[in-house]
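Chains as they are written, first to last, in my numbering: chain A, 116 to 451; chain B, 15 to 297.
1) Taking residue 224(B) and residue 264(B) to be in contact with their CB atoms under 8 Å, please state how far apart those CB atoms are, rounded to whole angstroms.
2) Could you say which of 185(A), 163(A), 350(A) and 169(A) lies nearest to residue 176(A) if we only look at CA atoms?
3) With burial defined as no fewer than 16 other Cβ atoms inside 10 Å of the residue's Cβ, what is the status of residue 443(A): buried or exposed?
4) Is residue 182(B) buried or exposed, if buried means 16 or more other CB atoms sit within 10 Å of its CB?
5) So which of 157(B), 193(B), 169(B) and 178(B) has the shortest CA-CA distance to residue 215(B)?
6) Okay, do the region 70 to 77 of chain B and the region 373 to 390 of chain A touch, 3+ Cβ pairs below 8 Å being the bar?
7) With a 10 Å radius around its C-beta and 16 neighbouring C-beta atoms as the bar for buried, classify residue 302(A) as buried or exposed.
8) Indicate whether at least one CB of chain A lies closer than 9 Å to the CB of residue 24(B).
9) Run through chain A and tell me which residues come within less than 8 Å of residue 234(B), C-beta to C-beta.
10) Of the residues 156(A), 309(A), 134(A) and 126(A), which one's Cα is nearest the Cα of residue 445(A)?
11) With a threshold of 16 other CB atoms inside 10 Å of the CB of residue 131(A), please say whether the residue is buried or exposed.
12) Report the three-state DSSP secondary structure of residue 181(A) (helix, strand or coil).
13) Write down every uninterrupted run of the beta strand (DSSP E) in the region 155 to 239 of chain B whose length is 3 residues or greater and which is fully enclosed by it, in chain order.
14) Going by beta carbon distance, what residues of the same chain come within less than 6 Å of residue 83(B), once the five residues before and after it are set aside?
15) Using a Cβ-Cβ distance cut-off of 9 Å, determine whether residue 125(B) contacts chain E.
16) Opposite residue 346(A) in the DSSP bridges: which residues?
17) So residue 125(A) and residue 345(A) are supposed to be a Cβ contact under 8 Å. How far apart are they, rounded?
18) Is there at least one Cβ from chain A nearer than 9 Å to residue 94(B)'s Cβ?
19) Let me check understanding here. Comparing Cα to Cα, which of 370(A), 406(A), 366(A) and 139(A) lies closest to residue 379(A)?
20) Does the separation of the CB atoms of residue 189(B) and residue 23(B) fall below 9 Å?
21) Quick check on the DSSP output: the beta strand (DSSP E) that includes residue 272(B) runs from which residue to which?
22) I want to know whether the region 277 to 297 of chain B touches the region 412 to 425 of chain A - three or more CB-CB distances under 8 Å.
23) Consider the Cβ of residue 406(A): report whether some Cβ of chain B lies at a distance smaller than 9 Å.
24) Residues of chain B with a CB under 7 Å from the CB of residue 129(A): which are they?
25) State the start and end residues of the unbroken beta strand (DSSP E) segment that holds residue 48(B).
26) Please report the distance separating the alpha-carbon of residue 196(B) from that of residue 297(A).
27) Where are the alpha helix (DSSP H) runs, 4 residues long or more, that stay fully inside the region 345 to 419 of chain A, in chain order?
28) Under DSSP, the beta strand (DSSP E) around residue 21(B) begins and ends at which residues?
29) Let me know if residue 269(B) comes out buried or exposed under the rule of 16 or more other beta-carbons within 10 Å of its beta-carbon.
30) Short of 7 Å in beta carbon distance, which residues of its chain neighbour residue 237(A), apart from the five on each side in sequence? Order them along the chain.
31) Considering only C-alpha positions, which residue in the set 201(A), 168(A) and 368(A) is nearest to residue 186(A)?
32) Is residue 431(A) close to chain B, meaning its C-beta is less than 9 Å from at least one C-beta of that chain?
33) Mapping DSSP to helix, strand and coil, what is residue 257(A)?
34) Determine, for residue 334(A), whether the minimum Cβ-Cβ distance to residues of chain B falls below 9 Å.
35) What residues of chain B sit near residue 350(A), judged by a beta carbon separation below 7 Å?
36) Is the Cβ-Cβ distance between residue 38(B) and residue 81(B) less than 9 Å?
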């Protein structure tokens with residue numbers, strides 16, 4: 116049986132990680148062997164699951180069939196390089212003074228490493244359902260675009276200019292073409308910075324064949340995935356959600372569901388005509404918010420033909436895997 | 015005072031209302047007669063909406079008397095940096111070499127972007143520059159970028175410029191970091207992590223912490239709520255009370271310098287920024 120992948124995307128701060136865990140709990144309760152991969156679990160979510168979420172899957176007590184693991188972004192650049200370059204080159208890359216700077220600040224690299232991890236879990240055959248809480252940078256598009264961006268980093272503009280097409284002896288070619296220009300530039304810069312960068316890129320190119328092959332498998336896994344967009348009715352998350360609805364078909368399947376988290380009951384809108392006491396006054400101000408939320412949902416549904424799923428605004432997050440599963444019951448139905 | 019300096023860099027976890035507060039700070043200062051520039055350091059769509067303009071470009075445009083706004087285009091900022099700061103003699107081939115560098119060494123790109131903001135703050139055209147900066151998850155690498163460059167380049171203009179930027183950021187009279195958080199677990203945790211890192215790393219002075227979307231205390235007693243029969247009146251009061259209780263715990267950990275309430279039912283980002291700037295008055 117193949118693994119069903121569910122990608123949960125959306126802006127930061129909308130409760131994406133909680134929704135991913137809730138969807139996973141719901142799937143596990145329906146009998147599927149389920150793994151949720153989270154990025155940065157909040158303490159409260161870990162408490163709700165009753166585990167310390169680490170880099171390897173850990174079974175969630177109180178919910179048979181459910182496990183959770185963290186996508187480890189920090190250690191992963193090194194893992195990519197070691198997986199796709201031979202030992203000597205990988206060692207040289209990891210020790211290059213630029214490596215840490217690049218690894219820390221090239222978000223597509225971290226996103227790509229996470230995507231490779233996701234694919235490996237999907238291929239392991241251990242899971243029926245894999246729910247992926249996508250990393251927050253650019254709300255998940257970075258994650259989806261990471262295979263393509265990774266390929267263009269290791270075979271991109273910069274490298275082509277430095278090394279020409281990927282032919283044998285390209286180091287020699289580099290020495291007579293780009294290197295003299297770099298030397299002049301370095302004299303202005305005040306150090307052998309560009310030459311170091313060139314060496315670094317040449318070494319990085321060694322990873323091209325491996326990354327090229329693997330990244331296409333990662334892309335296939337993403338294309339096969341179901342997607343769930345999570346948002347609140349606030350303008351910034353809505354902007355992100357719209358972007359997903361528009362751009363997802365390029366990377367994965369179009370979103371089946373848009374989840375509106377932190378929703379107020381629709382009947383609170385216009386519930387109070389003239390406030391008579393403090394309870395009325397309080398309901399009236401929340402009613403304004405409920406009205407606004409309803410309008411935002413209706414507009415998104417009308418414009419993009421997506422079905423909004425409403426998750427109630429809770430003061431505190433669900434305290435157990437069962438309560439999490441209850442929260443997600445309406446989001447997605449897994450077929451046996 | 016939070017805005018009493020040339021440059022205020024506004025950060026916070028994604029989704030806490032960072033752009034809204036940055037826009038509100040700029041509107042407030044402009045209203046009080048200062049010449050203000052507000053800069054979107056990454057994607058500027060949120061900032062533009064809060065200022066009620068369609069789009070922001072890489073050139074400052076007047077959005078209000080005394081208030082200019084722009085976003086940074088990293089490629090244009092790199093060209094400007096090379097021409098004016100590093101004084102690269104001829105662009106062309108050289109520029110291509112630098113582009114390779116900037117694409118590969120993220121410290122360069124970050125330095126150029128934060129550098130652009132620092133230069134604008136020292137130009138004299140504005141009394142205050144407010145930067146709508148990247149979120150807390152990335153802000154430290156921007157603040158560290160000049161030092162990273164200094165460690166990679168042994169001498170020359172690039173190093174001198176990086177050193178000047180580092181000194182500007184560290185000068186508490188010139189630059190302040192304003193951190194925005196909502197009273198929730200992760201925004202407060204990220205704020206505390208950022209504060210702890212800055213405590214040990216002397217990169218910039220924190221000029222304030224803002225708590226945003228705070229639910230005000232409910233003036234209804236617990237007895238009154240429990241006496242209420244089930245229904246929306248009781249549900250709304252309970253939600254409000256419970257949210258307040260949870261938020262109080264996080265507010266105690268955050269110790270904000272400035273608190274903005276949750277704005278019920280406001281429709282547009284422009285309305286939110288205007289209301290917040292009015293509330294800035296008492297601060």
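Using N, Cα and C, we set each Cβ at its ideal position, and we do this for glycine too.
With the given structure in hand:
1) Rounded, the Cβ-Cβ distance is 13 Å, inconsistent with contact.
2) When only C-alpha atoms are compared, the closest one is 163(A).
3) buried
4) Taking all protein chains shown into account, residue 182(B) has 16 or more neighbouring C-beta atoms within 10 Å of its C-beta and is therefore buried.
5) 157(B)
6) no
7) exposed
8) no
9) Simply 393, 394 and 397.
10) Closest in C-alpha terms to residue 445(A), from the list 156(A), 309(A), 134(A) and 126(A), comes 134(A).
11) buried
12) strand
13) Taking 3 residues as the shortest admissible run, the region 155 to 239 of chain B contains the following complete beta strand (DSSP E) segments, listed from N- to C-terminal end: 189 to 195 and 220 to 228.
14) 52, 65, 70 and 77
15) Going by chain labels, chain E is absent from the structure shown, which instead holds the protein chains A and B.
16) 375(A)
17) 4 Å
18) no
19) Ranked by how close their Cα comes to the Cα of residue 379(A), the residues 370(A), 406(A), 366(A) and 139(A) have 406(A) in first place.
20) yes
21) 272 to 275
22) no
23) yes
24) 29
25) Per DSSP, residue 48(B) lies in no beta strand (DSSP E) and is assigned neither H nor E.
26) Going by the C-alpha atoms only, they are around 48 Å apart.
27) 350 to 366 and 393 to 419
28) 21 to 26
29) exposed
30) Apart from the 5 residues on each side of it in sequence, residue 237(A) sits with its Cβ closer than 7 Å to the Cβ of 118, 120, 245 and 336 in its chain, given in chain order.
31) 168(A)
32) yes
33) helix
34) no
35) 63 and 283
36) no
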